[in-house]
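**Q**
Numbering (my numbering), first residue to last: 3 to 203.
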């Protein structure tokens, strides 16, 4: 188990990932127990892939080839998720993988997010972060602000781990841990505030 204070990050690989290239998720150092999951990733495919007898070697090759990495990433562990074994008509269980180097996982997630139809061996796969449920809920609270900021000129943003929205506009950078304040700022910045309800007389 990695020690406290070490930067970690997790990702999943599975079918049909289509995130915005402007909305890159990034992690930062975590000091709570959720950090222990943050260097993992999950790899899943719609149908079985050939060559899974040695998962770590196979997945390292898959990531290098599918994402055009300069070299194969170092993978500490790779194992199937613990859910019930699927029937022959269902997709195979995804893999949970732990990437050894934080910056390599950053690159993997960044590249995966820019490819709308990521494939390997002719099969669609997904790569996405493996967050604890509590973190997923906290990050989801920023969805409205991110939606407002998406595709805005001169605006870049990212959701830092575990749940902090970082917005850069014309060289100025702001950080939000309060989803409501982030939404209000995004609406002021883009002039897209929600219409107010008016009571009938």
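By construction, the Cβ of each residue, glycine as well, lies at the ideal position given by its N, Cα and C atoms.
Given the structure is predicted, the values throughout are model-derived calculations rather than measurements.
Quick check: what's the CA-CA separation for residue 56 versus residue 171?
**A** Taking the chain shown and counting its residues from 1, one reaches residue 56 at position 54. Taking the chain shown and counting its residues from 1, one reaches residue 171 at position 169. Roughly 46 Å between the two C-alpha positions.
**Q** How would you write the range of the alpha helix (DSSP H) that residue 102 sits in, first residue to last?
**A** In the chain shown, counting from the first residue as 1, residue 102 sits at position 100. Unbroken run through residue 102: none, as it is neither H nor E.
**Q** For residue 148, tell me which candidate among 194, 73, 136 and 45 has the shortest Cα-Cα distance.
**A** As a position in the chain shown, residue 148 is number 146, starting the count at 1. Closest option to residue 148, Cα to Cα, is 194.
**Q** Buried or exposed for residue 45, please, with buried defined as at least 16 other CB atoms from any protein chain shown within 10 angstroms of its CB.
**A** The sequence position of residue 45 within the chain shown is 43, counting from 1. When all chains shown are included, residue 45 counts as buried.
**Q** For the structure I just gave you, are there three or more beta carbon pairs, one from the region 70-80 and one from the region 95-107, closer than 8 Å?
**A** yes
**Q** Which runs of the beta strand (DSSP E) spanning at least 3 residues fall entirely within the region 112-182, listed in chain order?
**A** You should have 125-131, 157-162, 166-171 and 174-178.
**Q** Which of helix, strand or coil does DSSP assign to residue 47?
**A** Numbered from 1 along the chain shown, position 45 holds the residue referred to as residue 47. Reduced to three states, the DSSP call for residue 47 is strand.
**Q** Among 125, 128, 182 and 114, whose alpha-carbon lies nearest the alpha-carbon of residue 142?
**A** As a working mapping, residue 142 is identified with position 140 in the chain shown. Across the set 125, 128, 182 and 114, the C-alpha of 182 shows the shortest separation from the C-alpha of residue 142.
**Q** For the structure I just gave you, are there three or more beta carbon pairs, one from the region 156-172 and one from the region 127-146, closer than 8 Å?
**A** yes
**Q** Based on the DSSP output, what are the partners of residue 42 in its beta bridges?
**A** For the purposes of this step, residue 42 is taken as the residue at position 40 of the chain shown. Answer by DSSP bridge pairing, in chain order: 100.
**Q** Buried or exposed: residue 62, going by 16 or more other Cβ atoms within 10 Å of its Cβ?
**A** As a position in the chain shown, residue 62 is number 60, starting the count at 1. That one is buried.
**Q** Going by CA-CA distance only, name the one from 60, 121 and 88 that's closest to residue 79.
**A** Here residue 79 refers to the residue found at position 77 when the chain shown is read from its first residue. Of the listed residues, the one whose Cα sits closest to residue 79 is 60.
**Q** Tell me whether residue 70 is buried or exposed, calling it buried when 16 or more other Cβ atoms sit within 10 Å of its Cβ.
**A** Within the chain shown, residue 70 is the residue found at index 68, counting from 1. Under this definition residue 70 is an exposed residue.
**Q** Decide if residue 151 is buried, meaning its Cβ has at least 16 other Cβ atoms within 10 Å, or exposed.
**A** If you number the chain shown from 1, residue 151 lands on position 149. The residue in question, residue 151, is buried, as its Cβ has 16 or more Cβ neighbours within 10 Å.
**Q** Can you name the residues that DSSP bridges to residue 82?
**A** Working through the chain shown from its first residue, we reach residue 82 at position 80. Residue 82 is bridged to 97.
**Q** Take the Cβ of residue 184 as the centre, count every other Cβ of all protein chains shown within 10 Å, and call the residue buried at 16 or more, exposed below.
**A** Here residue 184 is taken as the residue at index 182 of the chain shown, counted from 1. Buried, because 16 or more other Cβ atoms sit within 10 Å of the Cβ of residue 184.
**Q** Tell me whether the beta-carbon of residue 191 lies closer than 8 Å to the beta-carbon of residue 178.
**A** For the purposes of this step, residue 191 is taken as the residue at position 189 of the chain shown. For the purposes of this step, residue 178 is taken as the residue at position 176 of the chain shown. Cβ atoms of residue 191 and residue 178: not closer than 8 Å.
**Q** Along the chain, where does the alpha helix (DSSP H) containing residue 66 start, and where does it finish?
**A** Translated into positions along the chain shown, residue 66 becomes position 64. 57-69 is the span of the alpha helix (DSSP H), which, as asked, contains residue 66.
**Q** Taking only three categories from DSSP, how would you classify residue 189?
**A** The residue labelled residue 189 in the question sits at position 187 within the chain shown. Here residue 189 carries a helix assignment [DSSP, helix/strand/coil].
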